[in-house]
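The next block holds one structure in the form of structure tokens; read it before the comments.
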Amino acid sequence: MRRAWVSVLIGLVVVAAGVALASLRVNPYVYFAGYVILQYVVIATAWNILGGYGGYVNFGTPAFFALGAYTAVVLIQLMKAPLPVLIVAGGLVSALLGLGIGYLTLRLRGTFFSIATLALSVVLQTMIINWEYVGGSRGISVIRPSGPPFGNYVVFLFTVMLALAVGAVLVARFIERSWIGRGLAALRDNEEAAECMGVPTLRLKLFATTISGFLLGVAGAPFPYYVTFVVPDSAFALDYAVNALAMPMIGGTTSWMGPVIGAVLVGTAQQLATVTISSDLNLLIVGVVLVAFVVLAPEGILGLVRRLRAP
Amino acid sequence: MFSWDLLANAVVAGVLLGGFYAAVSLGIGLIFGLLDIANIAQPAFLILGAYAAYVMNSAYGLDPILAGIAFTPVFYLLGAVVYRVYYGSFERRGQESLRGLVFFFGILFIIEVSLSRKFGVDYRLVQAGYIGKSIDLGGIGISFRYLVPCLVGVAMTLALYLFLARTFYGRAIMAVSQDQAALRLMGADPIRIKTIAFGIGIAAASLAGALLIMIAPVIPSTDRDYIGRMFAITVLGGMGSIGGTLVAAVILGVVESIMATFFGPSWSLAVSFGILLAALAVRPSGLFGR
């Protein structure tokens, strides 16, 4: 239990460092780009709980992310709900969807599960496009509440996302080190064998899909205030699906550190490439690096480091 | 006010669309249905085929179908190379499920982004004498833009069926899908057979892509619309049953066409994915499961 407190403490220090950075008032673009990178830390970590620990590849990340974002849009439209409410509500709604795809794993395994999540994303996008209340295909503009607690609004959102990222990583780390993580690893390696050994596979899978969905929704909830104009194409962007699995794959899927390393490296590279070269080239680079990693270094950066250390 | 005329038109248009969907799904039926390789990059190869036809058509005025056929050897080789990489990196090590899937997802992404870098995000289309024409059968209009792809699709289905049923390599592909070890004992190399099958599947995407750009203008991200359709048809058609693929394609085409006519085209995409989800959840072996 002591070690858990130490990690929480380290998390708090990271958040405090972020707040300090927020008060430094460096170039505003740093916060703008930093928000996106931290958002990917949450997304990659959330994906990895199901994909890396449990071995169920989710291609439907945009569905969960956008569900969080659009839950926030509805709540802003209805009653101008404050940001913490948006985050919790967005997370809960996405968690429900996660629970739903958890039950899907009863019948669908491996490839079929992945294709179903891909289908889910498109069905959800079509529904949002046809729902006029949240702007339909034309999108909707969201007005930020005036007067954030500190700094300007982007700096405030950056700090919030940093706290969320630290929280997500702590959750992932806790899962990995508890019996839940070992159970998920068992069902990733051989689901039938795990079931036979008495691992409660269904409960574990439902837990993993729900918590993964929750975190993805949480990542999406501040999105309307960040972009201030939400269109289905941006909330359901394929970038999220690719990055969500590319980042853990590049970093390493077996440890909580992998998605963080992957998200920070790939996310930073993308932000730099967007500014200096062009935005579609950065996506191309991600694709090529992803394919190179799954072919040449299947264990990711963590695996490479481990291999170098081993004699 | 229910219009029977509208319904009849929608059904005919749906059947024609179905023939085209069959052409689109044959490749993935072979690769995913028979070889059990989850090649989610297949729609990207389809779009690549469409752009190949576009380039040949706009630069040299070549007929899109001829262009599609002309590119099949190139696509066959491309498919063979992709399969060899896939086999060497994943299948041989028994890691095909997770990493193989990610590998194909990466390829899908690379092709799509490369195309949008080269051609931009403007809609592209092809020209041919017969594309604008149509015939009228007692109030039901049949445009050649749909009729020709449908006929080519049916011809492709027939050709693939005959290939699988009658030729040595076709039967070997059927055998490798049933029992790889047994095929090895018979003295055939399963990897070689799978390379051939994968190549044919990708080659089919070349011709199907040429049909696609005939029916409607294409942008690089069109591939996403076809992921659901392809897999819905393959799963519904019973995983690699060629006749089943054609029937499932026509069912999907008719349902989509009716939805588009009566509820608006923005819903038609949800139909294919909805059918796919329902098929996966209720009857994963499809309508014509083996």
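Quick mapping for you: the protein sequence lines, in order, are chains W and S. With the numbering used here applied, the first sequence corresponds to residues 11 to 321, in that order. With the numbering used here applied, the second sequence corresponds to residues 10 to 299, in that order. Idealized CB from N, CA, C, for every residue including glycine. These figures come from a predicted structure and were not determined experimentally.
Distance between beta carbons of residue j and residue i, contact taken as under 8 Å
{"i": "S/Ala164", "j": "S/Gly58", "result": "Contact doesn't hold; Cβ gap of about 17 Å is too wide."}
{"i": "S/Gly109", "j": "S/Tyr95", "result": "6 Å"}
{"i": "W/Ala247", "j": "W/Leu60", "result": "The Cβ separation is near 20 Å, so there is no contact."}
{"i": "S/Ala22", "j": "S/Tyr155", "result": "7 Å"}
{"i": "S/Gly88", "j": "S/Gly246", "result": "With a Cβ gap of about 21 Å, S/Gly88 and S/Gly246 do not count as contacting."}
{"i": "S/Ile49", "j": "S/Leu117", "result": "6 Å"}
{"i": "S/Glu121", "j": "S/Pro229", "result": "5 Å"}
{"i": "W/Gly223", "j": "W/Gly108", "result": "2 Å"}
{"i": "S/Ile40", "j": "S/Gly210", "result": "4 Å"}
{"i": "W/Leu118", "j": "W/Ala178", "result": "Between W/Ala178 and W/Leu118 the Cβ distance is about 26 Å, and since that is not below 8 Å, they are no contact."}
Beta-carbon gap between residue i and residue j smaller than 8 Å
{"i": "S/Leu220", "j": "S/Ala32", "result": "yes"}
{"i": "W/Ala273", "j": "W/Met257", "result": "yes"}
{"i": "S/Leu169", "j": "S/Ala241", "result": "no"}
{"i": "S/Leu44", "j": "S/Phe207", "result": "yes"}
{"i": "W/Ala231", "j": "S/Gly237", "result": "no"}
{"i": "W/Arg154", "j": "W/Thr238", "result": "yes"}
{"i": "W/Gln87", "j": "W/Ala229", "result": "no"}
{"i": "W/Val270", "j": "W/Thr55", "result": "yes"}
{"i": "S/Ile202", "j": "S/Val227", "result": "no"}
{"i": "S/Val111", "j": "W/Leu255", "result": "yes"}
{"i": "S/Ala214", "j": "S/Gly36", "result": "yes"}
{"i": "W/Val103", "j": "W/Gly227", "result": "yes"}
{"i": "W/Leu96", "j": "W/Leu106", "result": "no"}
{"i": "S/Ala76", "j": "S/Asn66", "result": "yes"}
{"i": "W/Pro234", "j": "W/Ala82", "result": "yes"}
{"i": "W/Val176", "j": "W/Val25", "result": "yes"}
Residue i at chain S interface by Cβ criterion, 8 Å
{"i": "W/Pro308", "result": "yes"}
{"i": "W/Ser124", "result": "yes"}
{"i": "W/Ile139", "result": "yes"}
{"i": "W/Thr136", "result": "yes"}
{"i": "W/Thr121", "result": "yes"}
{"i": "W/Leu77", "result": "no"}
{"i": "W/Met89", "result": "no"}
{"i": "W/Ala199", "result": "Per the sequence shown, residue 199 of chain W should be read as Asp rather than Ala. Taking Cβ atoms only, chain S never reaches closer than 8 Å to W/Asp199, which makes this a no."}
{"i": "W/Gly297", "result": "yes"}
{"i": "W/Ala129", "result": "yes"}
{"i": "W/Gly313", "result": "no"}
{"i": "W/Met257", "result": "no"}
{"i": "W/Leu48", "result": "no"}
{"i": "W/Leu248", "result": "yes"}
8 Å Cβ cutoff, residue i in contact with chain W
{"i": "S/Ser125", "result": "yes"}
{"i": "S/Arg233", "result": "yes"}
{"i": "S/Arg108", "result": "yes"}
{"i": "S/Phe54", "result": "no"}
{"i": "S/Ala351", "result": "As shown, chain S starts at 10 and ends at 299. That puts residue 351 of chain S outside it, with no answer to give."}
{"i": "S/Trp13", "result": "no"}
{"i": "S/Leu207", "result": "As written in the sequence, residue 207 of chain S is Phe, which differs from the Leu given in the question. Taking Cβ atoms only, chain W never reaches closer than 8 Å to S/Phe207, which makes this a no."}
{"i": "S/Leu286", "result": "yes"}
{"i": "S/Phe29", "result": "no"}
{"i": "S/Val90", "result": "no"}
{"i": "S/Arg299", "result": "With a pLDDT of 47 at S/Arg299, under the threshold of 50, the predicted position of this residue should be treated as unreliable, and no value is reported."}
{"i": "S/Ala335", "result": "Residue numbering for chain S in the displayed model covers 10 to 299; residue 335 of chain S lies beyond these limits and cannot be assessed."}
{"i": "S/Leu39", "result": "no"}
{"i": "S/Gly147", "result": "no"}
{"i": "S/Leu289", "result": "yes"}
{"i": "S/Phe282", "result": "yes"}
{"i": "S/Val94", "result": "yes"}
{"i": "S/Phe271", "result": "no"}
Where the beta strand (DSSP E) containing residue i begins and where it ends
{"i": "S/Ile140", "result": "Here S/Ile140 belongs to no beta strand (DSSP E), and DSSP marks it neither H nor E."}
{"i": "W/Ile153", "result": "Here W/Ile153 belongs to no beta strand (DSSP E), and DSSP marks it neither H nor E."}
{"i": "W/Ile139", "result": "From DSSP, W/Ile139 is part of no beta strand (DSSP E) but of the alpha helix (DSSP H) over Gly120 to Ile139."}
{"i": "S/Ile149", "result": "Ile149 to Ser152"}
First through last residue of the alpha helix (DSSP H) which encompasses residue i
{"i": "S/Gly77", "result": "Pro73 to Ala79"}
{"i": "S/Gly179", "result": "Phe177 to Gln187"}
{"i": "S/Arg126", "result": "Leu110 to Phe128"}
{"i": "S/Ser12", "result": "Segment: none, S/Ser12 is in no alpha helix (DSSP H) and carries neither H nor E."}
{"i": "S/Met195", "result": "S/Met195 -> no alpha helix (DSSP H), and no H or E assigned at all."}
{"i": "S/Phe99", "result": "Careful: S/Phe99 lies outside any alpha helix (DSSP H) and carries neither H nor E."}
{"i": "S/Tyr132", "result": "Per DSSP, S/Tyr132 belongs to no alpha helix (DSSP H) and is neither H nor E."}
{"i": "W/Asp243", "result": "Pro242 to Ala245"}
Within-8 Å CB hit, residue i to chain B
{"i": "W/Arg117", "result": "Among the protein chains in the structure shown, which are W and S, there is no chain B."}
Exercise. Taking only runs of the alpha helix (DSSP H) that begin and end inside the segment 219 to 298 of chain S, which ones reach a length of at least 4 residues, in chain order?
Worked result: Listed in chain order, the complete alpha helix (DSSP H) runs (minimum 4 residues) inside the segment 219 to 298 of chain S are 232 to 245, 251 to 272 and 277 to 291.
For this session: Only counting runs of 4 or more residues, tell me where the alpha helix (DSSP H) segments fall wholly within the segment 247 to 292 of chain W, in order along the chain.
Result: With a minimum length of 4 residues, the continuous alpha helix (DSSP H) runs that stay inside the segment 247 to 292 of chain W are 248 to 261 and 267 to 286.
Exercise. Fully enclosed by the segment 166 to 237 of chain W, which alpha helix (DSSP H) runs are 4 residues long or longer?
Worked result: The segment 166 to 237 of chain W contains, as complete alpha helix (DSSP H) runs of 4+ residues, the segments 189 to 199, 201 to 206, 211 to 230 and 233 to 237 (chain order).
For this session: Quick one: which unbroken alpha helix (DSSP H) runs of 4-plus residues sit fully inside the segment 29 to 84 of chain W? Chain order, please.
Result: The segment 29 to 84 of chain W contains these whole alpha helix (DSSP H) runs: 38 to 58.
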